[in-house]
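Number of protein chains: 2
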Amino acid sequence: MNLKGTLPTLILQVLLSGPAHGYRIAQDIKARSKGVLEFKEGTLYPALHELENQGLIRSEERTINGRVRREYRLTDEGHKVLVAERKEFRRMLRAVSAVLGESS
Amino acid sequence: MNLKGTLPTLILQVLLSGPAHGYRIAQDIKARSKGVLEFKEGTLYPALHELENQGLIRSEERTINGRVRREYRLTDEGHKVLVAERKEFRRMLRAVSAVLGESS
DNA sequence: GCTAAATACATCGGCAATCTATGTATCAAG
DNA sequence: CTTGATACATAGATTGCCGATGTATTTAGC
Numbered sequence: 001m002n003l004k005g006t007l008p009t010l011i012l013q014v015l016l017s018g019p020a021h022g023y024r025i026a027q028d029i030k031a032r033s034k035g036v037l038e039f040k041e042g043t044l045y046p047a048l049h050e051l052e053n054q055g056l057i058r059s060e061e062r063t064i065n066g067r068v069r070r071e072y073r074l075t076d077e078g079h080k081v082l083v084a085e086r087k088e089f090r091r092m093l094r095a096v097s098a099v100l101g102e103s104s
Numbered sequence: 105m106n107l108k109g110t111l112p113t114l115i116l117q118v119l120l121s122g123p124a125h126g127y128r129i130a131q132d133i134k135a136r137s138k139g140v141l142e143f144k145e146g147t148l149y150p151a152l153h154e155l156e157n158q159g160l161i162r163s164e165e166r167t168i169n170g171r172v173r174r175e176y177r178l179t180d181e182g183h184k185v186l187v188a189e190r191k192e193f194r195r196m197l198r199a200v201s202a203v204l205g206e207s208s
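Top line first, the protein sequences correspond to chains A and B. In this text, residue positions in the first sequence follow this note's numbering: the first is 1, and each later residue adds one. In this text, residue positions in the second sequence follow this note's numbering: the first is 105, and each later residue adds one.
(1) Only counting the same chain, and skipping five residues up and downstream in sequence, which positions put a Cβ closer than 6 Å to that of E142/B?
(2) Using a Cβ cut-off of 7 Å, pull out every chain A residue sitting near I133/B, in sequence order please.
(3) Alpha carbon to alpha carbon, how far is V36/A from K4/A? Give it in angstroms, no decimals.
(4) Within 10 angstroms of the Cβ of R166/B, are there 16 or more other Cβ atoms? Answer buried if so, exposed if not.
(5) Below 7 Å between beta carbons is the criterion; list the residues of the stretch 181-196 of chain B that meet it against any residue of chain A, in chain order.
(6) T9/A and R86/A look like a contact to me (Cβ under 8 Å); what is the Cβ gap, rounded to whole Å?
(7) What residues in its chain sit with their C-beta under 6 Å from that of R91/A, if we drop five residues either side in the sequence?
(8) Looking only at C-alpha atoms, which of L152/B, Q117/B, M105/B sits nearest to Y127/B?
Structure representation (structure tokens):
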């Protein structure tokens, strides 16, 4: 049981709170989920690249103390997709819960 | 967004209501989820075989009107796993919902 | 009687999401 | 001066699911 397929939505949601770089996004997801969701680097970075070339986020490279940080922010299109994906999540949730016989 | 990884749990849950053959299980999942969850044959049958050689379900072949039906039923071990998986589903659910900022 | 759709099982190939492992590099703590 | 955290990235493997295909029977429509 992993609930695969939610990562892109989670990334967009985190970026709704403001721009962040990859590593920070992963930490945020972990923190907000109280340690339950812990996506690895080999999952995170490819997902960010994919979201970027879909135009849902865009990035800017910054050099801070000689260390390169790639900072991502939500695009207007990304915001629209987030709203749609949240709705779809709830729809799937209701469906699975209905089969499992849960209240919601 | 698909909430992938829930199929084995859904199958076990359906079999909790009593023995059923593969095709019927798929129909039940579809019906209970009001058409939202519609697993294909190329997904369903391999999943059933996997659950069987994990010992979570067992099957019996029946010939009804010259047509072979493989009827599956939950094992005791399958029942235990179902309880655990339902709990795990709720755990993952709370985690994703927390990130998405939902009530539950 | 013929045909199409539903029932019923099964397997193969492929795509997508994730993880493990590996690589590079800087910074902070002990 | 070494370990752990930060920060990015890619390659290979595994898993979950789907599409396509194959076989065969039953039922409904015409």
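Glycine included, every Cβ here is placed at the ideal spot set by N, Cα and C. All figures in this text were calculated on a predicted structure; none of them were measured in a lab.
Taking the structure as given:
(1) One-based indexing of the second sequence puts residue 142/B at position 38. Taken in chain order, the residues that qualify are K134.
(2) Within the second sequence, numbered from 1, the residue matching residue 133/B stands at position 29. V99, listed in chain order.
(3) Stepping through the first sequence from its first residue, residue 4/A is reached at position 4. Stepping through the first sequence from its first residue, residue 36/A is reached at position 36. Taking the straight line from one Cα to the other gives about 14 Å.
(4) On the second sequence, residue 166/B is found 62 positions in, with the first residue counted as 1. Exposed, by the Cβ-count rule.
(5) E189, R190, E192, F193, R195, M196
(6) Within the first sequence, the letter at position 9 stands for residue 9/A. Within the first sequence, the letter at position 86 stands for residue 86/A. Contact holds; Cβ gap of about 7 Å.
(7) Here residue 91/A is taken as the residue at index 91 of the first sequence, counted from 1. Answer for R91/A: no residue qualifies.
(8) Start at 1 with the first residue of the second sequence, and residue 127/B comes out as number 23. Measuring from the Cα of Y127/B, the nearest candidate turns out to be L152/B.
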